[in-house]
Amino acid sequence: MIGGMAADIVPARVTDIQQVLADHSRYWGDRDLRSLHLLALVQEFGSTCLVARAEDGIVGYLVGFVTPDATGYVHLIATRDDARGTGLGRRLYDAFTEAARKQGAVRLKAITSVTNTGSVAFHRGLGFEARIVEDYNGPGQPMVVFTRALPEPGQAWSPGRQA
Numbered sequence: 001m002i003g004g005m006a007a008d009i010v011p012a013r014v015t016d017i018q019q020v021l022a023d024h025s026r027y028w029g030d031r032d033l034r035s036l037h038l039l040a041l042v043q044e045f046g047s048t049c050l051v052a053r054a055e056d057g058i059v060g061y062l063v064g065f066v067t068p069d070a071t072g073y074v075h076l077i078a079t080r081d082d083a084r085g086t087g088l089g090r091r092l093y094d095a096f097t098e099a100a101r102k103q104g105a106v107r108l109k110a111i112t113s114v115t116n117t118g119s120v121a122f123h124r125g126l127g128f129e130a131r132i133v134e135d136y137n138g139p140g141q142p143m144v145v146f147t148r149a150l151p152e153p154g155q156a157w158s159p160g161r162q163a
């Protein structure tokens, strides 16, 4: 339940991402990450791009896909400001993990900026190993790279099982 309402996690549609973009600050605050919301990812990887839909709209979303080397890559994950701290991020990762497993994924990966301490804490709480990779995004642009083995079906998210 999010704010007293159930949220269903379902495959994303382009119109869902457009709705998110129209209300961008509720998901990302002052950070302008609109350019990272590539509609082509939703078009091409529909089964691994997910939204959490409640009566009052999209309360969270995850944009991801499975790479040829069996990695479930999460490009973006966000929850709306009124849905934070409810476990919705973990639910989105659960749904993504299930979808990625169906496509042969054996590990998970995500990337964030070194200044995004909230993302680092969230991913470490899910058992991801976090390492800083210098120049990952170009000269002088280090990023935090998260990796972990795909949790077994029904296994709770916990630290310790890393890729």
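In full-length UniProt numbering, the protein residues as written are 1 to 163. No residue lacks a Cβ here, since even glycine has one placed at the ideal position from N, Cα and C. None of these values were measured; they are calculated from a predicted model.
9 Å Cβ cutoff met for Tyr-61 and Ala-78: yes
Ala-7 - DSSP class collapsed to helix/strand/coil: coil
Euclidean distance between Cα positions of Gly-85 and Asp-16: 22 Å
Exposure of Thr-117, with buried meaning 16 or more beta-carbon neighbours within 10 Å: exposed
Own chain, CB closer than 7 Å to Leu-21, minus 5 neighbours either side, in chain order: Arg-34 and His-37
Cutoff 9 Å: Ser-25 Cβ touching any chain B Cβ: In summary, chain B is missing from the structure at hand, where a single protein chain is found.
CB-CB length for Val-10 against Leu-50, believed under 8 Å: 7 Å
Proximity of Ala-100 and Gly-125 at Cβ, strictly below 9 Å: no
Minimum C-alpha distance to Glu-152 - residue among Arg-107, Val-59 and Val-63: Arg-107
Burial state of Ala-121 (16 or more Cβ within 10 Å): exposed
Cβ distance (whole Å) where Phe-45 is taken to contact Val-74 below 8 Å: About 11 Å separates the two Cβ atoms, so there is no contact after all.
N- and C-terminal bounds of the alpha helix (DSSP H) containing Glu-44: 39–44
Alpha-carbon to alpha-carbon, Phe-65 and Leu-47: In the sequence on display, residue 47 carries Ser and not Leu. Computed Cα separation, rounded: 8 Å.
Arg-31 vs Val-59 beta-carbon contact at 9 Å: no
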